[in-house]
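In the numbering used here, the protein residues as written are 4 to 741.
The beta carbon of each residue, even a glycine, is placed where N, CA and C say it ideally should be.
Nothing here was measured: the structure is a model prediction, and the numbers come from that model.
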Amino acid sequence: MSSESEEQHDLSLRASDEGKDSFSSGVPLEIQQESSTNFKLHETNDQCRPYRQIHMEPQERTNTSTKQLIIKKLHKSCQCSPSKAKNRIYDFLPVLRWLPKYDLKKNILGDVMSGLIVGILLVPQSIAYSLLAGQEPIFGLYTSFFASIIYFLFGTSRHISVGIFGVLCLMIGEVVDRELHKAGYGAAGIAPFGVISNESTLISNMSDGICSKSCYAIKIGSTVTFLAGVYQVAMGFFQVGFISVYLSDALLSGFVTGASFTILTSQAKYLLGLSLPRSNGVGSLITTWIHIFKNIHKTNLCDLITSLLCLLVLLPTKELNEHFKSKLKAPIPTELIVVVAATLASHFGKLNENYNSSISGHIPTGFMPPKAPDWDLIPNVAVDAIAISIIGFAITVSLSEMFAKKHGYTVKANQEMYAIGFCNIIPSFFHCITTSAALAKTLVKESTGCQTQLSAVVTALVLLLVLLVIAPLFFSLQKCVLGVITIVNLRGALRKFRDLPKMWRVSRMDTVIWFVTMLCSALISTEIGLLIGVCFSMFCVILRTQKPKISLLGWVEESEIFECMTDYKNLQTKPGIKVFRFIAPLYYINKEAFKSALYKKTLNPVLVKASQKKAAKRKLREETVTLSGLQDEVSVQLSHEPMELHTIVIDCSAMQFLDTAGIQTLKEVRRDYEAIGIQVLLAQCNPSVRDSLVRGEYCKEDEENLLFYSVYTAVGFAVDSQAQKGVCVLNGVSPVTD
Numbered sequence: 004m005s006s007e008s009e010e011q012h013d014l015s016l017r018a019s020d021e022g023k024d025s026f027s028s029g030v031p032l033e034i035q036q037e038s039s040t041n042f043k044l045h046e047t048n049d050q051c052r053p054y055r056q057i058h059m060e061p062q063e064r065t066n067t068s069t070k071q072l073i074i075k076k077l078h079k080s081c082q083c084s085p086s087k088a089k090n091r092i093y094d095f096l097p098v099l100r101w102l103p104k105y106d107l108k109k110n111i112l113g114d115v116m117s118g119l120i121v122g123i124l125l126v127p128q129s130i131a132y133s134l135l136a137g138q139e140p141i142f143g144l145y146t147s148f149f150a151s152i153i154y155f156l157f158g159t160s161r162h163i164s165v166g167i168f169g170v171l172c173l174m175i176g177e178v179v180d181r182e183l184h185k186a187g188y189g190a191a192g193i194a195p196f197g198v199i200s201n202e203s204t205l206i207s208n209m210s211d212g213i214c215s216k217s218c219y220a221i222k223i224g225s226t227v228t229f230l231a232g233v234y235q236v237a238m239g240f241f242q243v244g245f246i247s248v249y250l251s252d253a254l255l256s257g258f259v260t261g262a263s264f265t266i267l268t269s270q271a272k273y274l275l276g277l278s279l280p281r282s283n284g285v286g287s288l289i290t291t292w293i294h295i296f297k298n299i300h301k302t303n304l305c306d307l308i309t310s311l312l313c314l315l316v317l318l319p320t321k322e323l324n325e326h327f328k329s330k331l332k333a334p335i336p337t338e339l340i341v342v343v344a345a346t347l348a349s350h351f352g353k354l355n356e357n358y359n360s361s362i363s364g365h366i367p368t369g370f371m372p373p374k375a376p377d378w379d380l381i382p383n384v385a386v387d388a389i390a391i392s393i394i395g396f397a398i399t400v401s402l403s404e405m406f407a408k409k410h411g412y413t414v415k416a417n418q419e420m421y422a423i424g425f426c427n428i429i430p431s432f433f434h435c436i437t438t439s440a441a442l443a444k445t446l447v448k449e450s451t452g453c454q455t456q457l458s459a460v461v462t463a464l465v466l467l468l469v470l471l472v473i474a475p476l477f478f479s480l481q482k483c484v485l486g487v488i489t490i491v492n493l494r495g496a497l498r499k500f501r502d503l504p505k506m507w508r509v510s511r512m513d514t515v516i517w518f519v520t521m522l523c524s525a526l527i528s529t530e531i532g533l534l535i536g537v538c539f540s541m542f543c544v545i546l547r548t549q550k551p552k553i554s555l556l557g558w559v560e561e562s563e564i565f566e567c568m569t570d571y572k573n574l575q576t577k578p579g580i581k582v583f584r585f586i587a588p589l590y591y592i593n594k595e596a597f598k599s600a601l602y603k604k605t606l607n608p609v610l611v612k613a614s615q616k617k618a619a620k621r622k623l624r625e626e627t628v629t630l631s632g633l634q635d636e637v638s639v640q641l642s643h644e645p646m647e648l649h650t651i652v653i654d655c656s657a658m659q660f661l662d663t664a665g666i667q668t669l670k671e672v673r674r675d676y677e678a679i680g681i682q683v684l685l686a687q688c689n690p691s692v693r694d695s696l697v698r699g700e701y702c703k704e705d706e707e708n709l710l711f712y713s714v715y716t717a718v719g720f721a722v723d724s725q726a727q728k729g730v731c732v733l734n735g736v737s738p739v740t741d
C-alpha cells in the first residue's frame, strides 16, 4: 500500500472514530453518532443492541464456624518440629541469630566507640533523671545498666539506645509523689530526700519492715515499672500494637513538648536552690511557678551562680557538637566534663558546708539484693502504668522502624514490644524504673559508628564500672548541676516550635492536634494531656469524614478517566448525566452531609416532586375554568415538559465502608430520584461496600446490573439506555403527540 493510500486510510479511520461515542461501543453506529460536545441519537428499525455488562463471579466462601477456626489455629500452633522450635527460640532471642555471624573486623570498632560514648553520656543523665523520677541517683544507673543488657538480648533494632527517658521519669515522679503523700511521708515532696549515710543503711532500709522515704519511693517506681512491662508484653502477645496508631507523630511531638515544659518547671527549683513541695495533678505547672515566685527571696546564690555557669558552658558546646557532628568522629562529652568539674569544685570548695548548697549525697557501690515489687500497690498504680506503657512502646517502636528504614533492614514491631516489656519487668526486681528508647541518645549512638547492639554491652560495661567503683565520687555533686543537664537536654523538644510554620503549611489539622496536646500536657497534666490529645485526634478524624471533599467529575477526552471538574481544566461532560464523588465512608455521622451535598450538586428531588404536585394542582384548577381547546393543549404540553438530567452516577471508590444508616441513605436517594424519573447508578464499589449493599437489599435480584465496576462503564450504560429510549424519551415521560 502506497504512502498516500495509507494516509487516506488513516484519515478515514479517524473520521469514523470521531463519529463513534467511546461510551457507546455496545450501540451500532447507525443508532448513535455524536461529536465531543453533543450527543445526536438516532434509532434504526426500532432495534437496539443491549449494553454489554461486565460480570464477575465471586469466590465461594467456606462456612467455617468459630470453634473449627480456633481448633485449626491451635492445632497449627501446637505442632512442633526441630526447625520450628529453633525458629521460635531465635525469634524470642534475636541475639542468637545475628551474634554468631558477627563480623569482628567490620563492626567492632564502631560498636566499641559508640558504646563508650553513649555510656559516658548516660552517667550524668541517669543521675539527673533519677531526681526527676523522685529516686536516689543509684537507681537511675541501675535502670540504664539493666536496660542495655536486656535489650541486647531481645531487641531487633541495631541502632536504638534503650535506657532512662525524661518524659517517663516525669510521669513516674508524679505517681511516686502522689503515693508518698498518701502514705503519710509529708507534704515536702520528693526533692528533699534525706541523705543516706552509707551503703549498709540503704540496704537495711530496703530489707527492713519499716521503709524510709527513699525506700518506699523506689517500691512505687519499681511497681509501676513492673506493671508497665506486663502491659507491654501482653500487648505483644495479643498483637494489639495497633494502639500505637492512635499516637500520631504530631500527637507524640506535642505531648513530649508539653511534658518538657513540666520537666523544666520541676527542675527550676534546683537551679535556684529552693526547697519546695512538688506540685502534681491538674495545673501543677502553674502552681509550681507560683510557689517559685513566692519563695524567690530564698534563692541560694551559690546554686544560682553554679547553674548559670553550667548553662553558659553546656548550651554553646551542645550547639557546636550538633553543628560540627559531621566533622567530629565523636561528640565532645561536655556533660561528663561539667559533672566532674562541678563535683571537684563543690568538694574542694565545701559548698555544702559553707553555702548550704544541695548535693546528691552518698551513692553506694555494687548492687542491692533483688526484691519483688509491692503487690499491695498494684491497684493504686494500675491505671497510671497504662499511659506509661503506651508511651514507652510507641516511642521505642517508632524509633526502631525509623532507623531500620534509614539503614535498610527490618525490625519486628511485635518483638520490640516484648523487648521493651522485658526491659521493664526484669529490672523492676532490681530497683529500677521504666525505660524506653530515646531519640537524642539514639542519634549519638548512630552517628558515632554503631553497627549492632553489641555497643549496648559496651555501654553496660561503662555503667558497671561506675556502679562498682566511681559512683561514690559523686557525693559532692550539686543537684542544680543535674537540673541544668536535664533542662539542656530538652532543647530538641522545645525546638519543635521552629517547625510549626512548615507543619502548618503541610497539615493544619496536625498543627492543631500538636497545639492542643502540648497545651493540655503542660497546663493540665501529662496523663490527662495525653488522653485529651488522643480523643481530640480521633475527633479530628471523625470531623474529616463528616465534612469530606465533594465534587462533580468530568471526563478526560480520549480516555476512561474521570476527575474533579474544579481541579482540572478541559474536562468533558455528558448531557443529562452527572457524576458525583463523595470522598469518605458513608455512615451515620455524615449521611445528612452526603444527601445535602448530592442534592446541591445535582438537583433536589424533594423540591422537584413538590413543584410537580403544585403544577398538577394548578392544572386541575385550570381545567375547571372554561378555556379554548388550544389553551388546554398548551397547558398539557407544558406540564409534561421533560427535564434535562436523566442519570446520576455516584462514584463510590472513596467509600471505605457503609453502615446501616449509609445503606438506608442510598435507598432513600435512589427512591427520591426515581420518583422524578432520574436513575441512580453506583460505580467502583469495593467488595466490602458491595457486600453491604447486597446484605442491605439495596438491589433486587434483577437489578444487580446497576452496580458498575467503573465510572466509565456506568456512564456508557446511561448513554446506551437513553439511546434505546430515544432522544425525546427522558425520565420515563412519553413525548406529546398531536
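Can you look up residue i in the DSSP assignment and give me helix, strand or coil?
i: Asn48; result: Any reading at Asn48 must be qualified, since the residue scores a pLDDT of 38, below 50, and its modelled position is unreliable; no value is offered.
i: Cys567; result: strand
i: Phe241; result: coil
i: Val718; result: helix
i: Leu710; result: strand
i: Glu636; result: Low confidence applies here, because Glu636 scores a pLDDT of 46, under 50, leaving its location unreliable and the question unanswered by this model.
i: Lys581; result: strand
i: Val285; result: coil
i: Ser200; result: With a pLDDT of only 38 at Ser200, under the threshold of 50, the placement of this residue in the model should not be trusted, and no figure is reported.
i: Thr438; result: strand
i: Ser86; result: helix
i: Gln727; result: helix
i: Gly137; result: coil
i: Asp662; result: coil
i: Asp106; result: coil
i: Ala150; result: helix
What does a CB cutoff of less than 6 Å around residue i pick up in its chain, not counting 5 residues either side in sequence?
i: Gly452; result: Gly113, Met116 and Ser117
i: Thr576; result: Gly557
i: Phe660; result: Pro588 and Ser691
i: Thr650; result: Ile580, Gln682 and Ala721
i: Ser310; result: Leu274, Cys483 and Val487
Mind reading off the beta-carbon distance from residue i to residue j? Whole number of angstroms is fine, and I expect it under 8 Å.
i: Leu526; j: Phe258; result: Contact flag wrong, Cβ pair sits at about 13 Å.
i: Ser147; j: Gly176; result: Incorrect: roughly 17 Å between the Cβ atoms, too far for contact.
i: Gly232; j: Gly424; result: 5 Å
i: Gln456; j: Phe95; result: Between Phe95 and Gln456 the Cβ distance is about 15 Å, and since that is not below 8 Å, they are no contact.
i: Phe583; j: Lys604; result: 6 Å
Out of the options, which one is the CA nearest neighbour of residue i?
i: Glu792; options: Asn90, Lys612, Val697 and Gly395; result: Any property of residue 792 remains undetermined from this structure, which presents the chain solely from 4 to 741.
i: Val386; options: Leu230, Ile123 and Leu471; result: Leu230
i: Lys482; options: Leu468, Cys305 and Val472; result: Cys305
i: Ala390; options: Gln235, Ser656, Lys499 and Ala657; result: Gln235
i: Ser724; options: Tyr676, Asn689, Gly579 and Ser160; result: Gly579
i: Asn110; options: Lys581, Ser458 and Phe518; result: Ser458
i: His350; options: Lys612, Pro475 and Ile681; result: Pro475
i: Pro373; options: Arg100, Phe142 and Ala657; result: Phe142
i: Phe149; options: Ser599, Lys703, Gly665 and His434; result: His434
i: Ile308; options: Gly276, Glu356, Ser133 and Arg494; result: Gly276
i: Ser656; options: Asn689, Val447, Glu647 and Leu318; result: Asn689
i: Thr445; options: Thr437, Tyr421 and Glu404; result: Glu404
i: Asn303; options: Leu267, Tyr249, Leu402 and Asn355; result: Asn355
i: Phe98; options: Val460, Lys87 and Thr514; result: In the sequence on display, residue 98 carries Val and not Phe. When only C-alpha atoms are compared, the closest one is Val460.
Closer than 8 Å by C-beta to residue i: which residues in its own chain qualify, once you throw out the five before and the five after it? Chain order, please.
i: Gln11; result: Residue placement at Gln11 cannot be trusted, given a pLDDT of 43 that sits under 50; what the coordinates show is reported in the next sentence. Around Gln11: no qualifying Cβ.
i: Thr629; result: Any reading at Thr629 needs caution, since the residue's pLDDT is 47, under 50, leaving its predicted position unreliable; the model's value is listed next. Cβ neighbours of Thr629 beyond the five flanking positions: none.
i: Ser84; result: none
i: Lys612; result: Asp675, Ala678 and Ile679
Go through its chain and collect everything with a Cβ distance to residue i's Cβ below 7 Å, but skip five positions before and after it.
i: Lys75; result: none
i: Ala3; result: What the structure shows of the chain is the stretch from 4 to 741, and residue 3 is not part of that stretch, so it cannot be assessed.
i: Gly665; result: Leu589, Tyr590 and Lys594
i: Ala407; result: Ser160, Thr413 and Val414
Practice problem: State whether the stretch 178-190 contacts the stretch 336-350, with contact taken as three or more CB pairs (one from each stretch) at a distance under 8 Å. | Solution: no
Quiz item: Do the stretch 559-567 and the stretch 709-726 make contact, defined as three or more Cβ pairs closer than 8 Å?
Solution: yes
Exercise. Spell out a yes or no on whether the stretch 358-372 and the stretch 478-495 are touching, meaning 3 or more CB-CB pairs, one atom from each, closer than 8 Å.
Key: yes
Quiz prompt | Cβ contact check for the stretch 463-482 and the stretch 118-126: 3 or more pairs under 8 Å | solution = yes
Self-check item: Touching by the beta-carbon criterion (3+ pairs, under 8 Å), the stretch 489-498 and the stretch 309-327
Solution: yes
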